[in-house]
Ligand code: ADP
Ligand code: ZN
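In our numbering, the protein residues as written are 208 to 952.
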């Protein structure tokens, strides 16, 4: 490709490309392509950077901003499939939307650096031809162990020393010794990725009419995206009551994607909860999907990343970061429980995986399915305006009825001191246990008590690093900060007045509720399910299994038990503090409270036995409680929408937050005030703050917040960019940009 460049200061376009590196740099930089190298856009390459070698991706044509004399050569190409065009455009889009350097987003797609290198060849062993039969050579001592190794060797299929040793029941040194003695032939092999493949040909369950209609619409959208990619992008909301079979329905869409030779991605809010989901998937497709989550080991991540990029992982289920895996032929994304706020990533690159899934599907020209019994307001509005299609499943599968939801007006109940279960709820628990059925008590608060104070002086135990109370975890014997993870032994005496034995626990967490359960229902078998008591996916699966097998009578838990689970004998859900989520006045507090309470209610009565739900509330006439009891979800959401519209709140207006933080309070305040002075002004722009964040100190960093609200016709990214450019930022202070914020802490 080299052309004459003697007379110009730039080499020709053909032998230069821009390369994006997985680093927080402003953009892609130019490199020279050595003659003969096929550095097409999307190719993984190694380039020199300040004496190091760094892997990056050919991003496109050169910028021509680098002078020829400074231009460096690409060192080499990596032996990997190219990054598809759709993924490159997605990276650029996410970077621009979230105001993040593109290299930082690229790094999310290259999250396993070691996976970029070709897997190293390892030594394996075959039967050496001359050793057949080996016993004829009198110089070679044959032992029983050696005999066993030989018996497990073949002349064609190699085995590693470790595998051979395991199978033959010998130590690997025996195997190596035999190789040295010429009894085995050593060969160098590269481990191939082998994954059991989900089989789309397997028949699914018989679907009800409503399920079939929804499934047909999804299957059709997948097929059409393959036949006619330019019209392939669609968003389908699968809006079905809890237990209506949404999972079975979107499995049909996955089957269609597999049949078309495409990969499918299912995003779920909490991977640890998917034991039942994995079983169902495996039963449906004959093989498990590939799981992608934060608990994988280094080797599993390496293997997984390569399985995805090689197309061998055909169905991936994962938490939000799975969206950034380098799928070469993605043809479908399903976002299960699309309303869940855990799809919002709150540090590093701040993004919403639900929203970014829609973008990824648009870039890749394929359908995305958003599934929920309580769709987010944003999604509901998008179906009303026709941007998304809505498919409904109005009934539970197999004629199961939705649970009856009742309120317990806590203002009328007489509770004992240090008691949180009203007489009404206690009675219901007793009745349910007497009928041989199961109970779930929902309290969205981990630990024993959210606050510990000194009875003598009133001092409250606070986190030294955060504006937050320390939460007592009595089972662990610790006080913990739920914001920074600080964990300390409870002090002997009050740090303020030195009084001994003066601490009082205030308010309940699940552990304390368990105490009351022991007291009131001494014969019931109970367990606690919270993210800190159930520490691994395996432990969660085992707990779910015990519940399914009815070895548990009362399950006490936080929101991690609210989703997905299907327990046929669970017929009573008691919500201990239905008002909990309403405090704080966050934009989505009512919507979220509705969603979580509806979700947890949906655990009751999912099979033949009808379920009921009791919500303990001091605000029984709150719109959320009324909507839950009456089942008038859409009316509630319409009222929420009207109120958001009145206040120009999302999705009717756009919001972005700037969080200024640092260890030096004065420096933080300076920057926050400078941002305030440089605030954008104009029609349709409102800036609130700077103000101390509700968590005004987090992990020892002082925090100030500014919130900008603009009408939808204003490009908020452009506005933020020019705003931020007007303020000088000392090295000790950081500004985080949160577009479409979900957390206001
Ligand atoms: P959702 O996700 O809407 O809450 P699920 O997909 O979990 O509902 O379905 C609830 C239960 O009903 C599951 O145990 C599921 O296997 C079962 N189910 C749903 N549809 C069918 C069907 N057509 N045939 C057999 N079982 C079904
Ligand atoms: Zn803390």
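Even glycine gets a Cβ: it sits at the ideal position worked out from N, Cα and C.
All values reported here derive from a predicted model rather than from experimental measurement.
Inset, instruction - Tell me whether residue 510 counts as near the ligand GTP, meaning its Cβ is closer than 8 Å to at least one heavy atom of that ligand. - result: Absence of the ligand GTP is noted for the structure shown, with the ligand ADP and the ligand ZN being the only ligands found.
Legend entry - Buried or exposed (CB count within 10 angstroms, at least 16 for buried), residue 453: buried
Inset, instruction - Would you kindly report the start and end of the unbroken beta strand (DSSP E) that includes residue 416? - result: Run containing residue 416: none in the beta strand (DSSP E); it sits in the alpha helix (DSSP H), 416-434.
Inset, instruction - Pull every residue with its beta-carbon under 6 Å away from any heavy atom of the ligand ZN, and keep them in chain order. - result: 670, 672, 673, 675, 688, 690, 691 and 693
Inset, instruction - Taking only heavy atoms of the ligand ADP into account, decide whether any of them is closer than 8 Å to the Cβ of residue 773. - result: yes
Legend entry - Nearest-angstrom Cα separation, counted from residue 540 out to residue 183: This structure gives no information on residue 183, because the portion of the chain shown stretches from 208 to 952.
Legend entry - Cut-off 8 Å between Cβ atoms - residues of its own chain near residue 355, not counting five sequence neighbours on either side: 375, 376 and 377
Legend entry - Cα-Cα separation between residue 311 and residue 906, rounded to whole angstroms: 23 Å
Legend entry - Neighbour-count burial assignment, residue 530, 16 or more Cβ in a 10 Å radius: buried
Legend entry - Distance CB(residue 664)-CB(residue 706) smaller than 9 Å: yes
Inset, instruction - Counting only the same chain and skipping the five closest in sequence on each side, list residues whose C-beta sits under 7 Å from that of residue 902. - result: A distance below 7 Å between beta-carbons, with the five flanking residues on each side excluded, links residue 902 to the following residues of its chain, in chain order: 673, 674, 675, 690, 910 and 952.
Inset, instruction - Taking the CB atoms as reference points, tell me whether residue 470 and residue 522 lie closer together than 9 Å. - result: Annotated as proximal: residue 470 and residue 522, with beta-carbon spacing under 9 Å.
Legend entry - Distance, residue 811 Cα to residue 699 Cα: 43 Å
Legend entry - Reference residue 429; option with closest CA among 786, 571 and 745: Of the candidates 786, 571 and 745, 571 places its Cα closest to the Cα of residue 429.
Legend entry - residue 633 - partner residues in DSSP beta bridges: None; residue 633 has no bridge partner.
Inset, instruction - Taking only heavy atoms of the ligand ADP into account, decide whether any of them is closer than 8 Å to the Cβ of residue 453. - result: Yes, the Cβ of residue 453 comes within 8 Å of a heavy atom of the ligand ADP.
Inset, instruction - Note down the Cα distance separating residue 498 from residue 767, rounded to an integer number of angstroms. - result: 19 Å
Legend entry - Residue of 263, 782 and 868 minimising C-alpha distance to residue 289: 263
Legend entry - Alpha-carbon to alpha-carbon, residue 568 and residue 361: 48 Å
Legend entry - Any non-hydrogen atom of the ligand ADP within 8 Å of residue 412 CB: yes
Legend entry - CB of residue 636 within 9 Å of CB of residue 628, strictly: The Cβ atoms of residue 636 and residue 628 lie closer than 9 Å to each other.
Inset, instruction - Can you check DSSP and say which residues form a bridge with residue 367? - result: 331
Legend entry - Between the CA atoms of residue 761 and residue 750 - distance to the nearest angstrom: Roughly 12 Å between the two C-alpha positions.
Legend entry - DSSP three-state assignment for residue 558, whether helix, strand or coil: strand
Legend entry - Residues near residue 915 in its chain [Cβ-Cβ closer than 6 Å; skip 5 each side]: 863 and 894
Legend entry - Whole-angstrom distance between residue 564 and residue 790, CA atom to CA atom: 31 Å
Legend entry - Minimum length 4: unbroken alpha helix (DSSP H) runs contained in the region 499-550: Runs of the alpha helix (DSSP H) inside the region 499-550: 505-516.
Legend entry - Limits of the alpha helix (DSSP H) - the one that residue 491 falls within: 482-492
Inset, instruction - Determine the contact status of residue 814 and residue 605, defining contact as a CB-CB distance below 9 Å. - result: Judged by beta-carbon spacing, residue 605 lies within the 9 Å limit of residue 814, meaning their Cβ atoms are closer than that value.
Legend entry - Reference residue 947; option with closest CA among 296, 485, 860 and 694: 860
Inset, instruction - Please work out which residues of its chain come closer than 7 Å, Cβ to Cβ, to residue 793, disregarding the five sequence neighbours upstream and downstream, and give them in chain order. - result: So the list reads 951, once near-sequence residues are dropped.
Inset, instruction - Name the residue from 265, 517, 573 and 580 whose alpha carbon lies nearest to the alpha carbon of residue 543. - result: 580
Inset, instruction - Measure the C-alpha to C-alpha separation of residue 511 and residue 229 and round it to an integer number of angstroms. - result: Their Cα atoms are separated by approximately 19 Å.
Legend entry - residue 667: CB within 8 Å of a non-hydrogen atom of the ligand ADP: no
Inset, instruction - Round the Cβ separation of residue 696 and residue 633 to the nearest angstrom and send it over; I've been treating them as touching at under 8 Å. - result: Actually they do not touch by this definition, with Cβ atoms about 35 Å apart.
Legend entry - Cβ neighbour criterion (16 or more within 10 Å) applied to residue 959: With the chain represented from 208 up to 952, any question about residue 959 goes unanswered, as that position is not in the structure.
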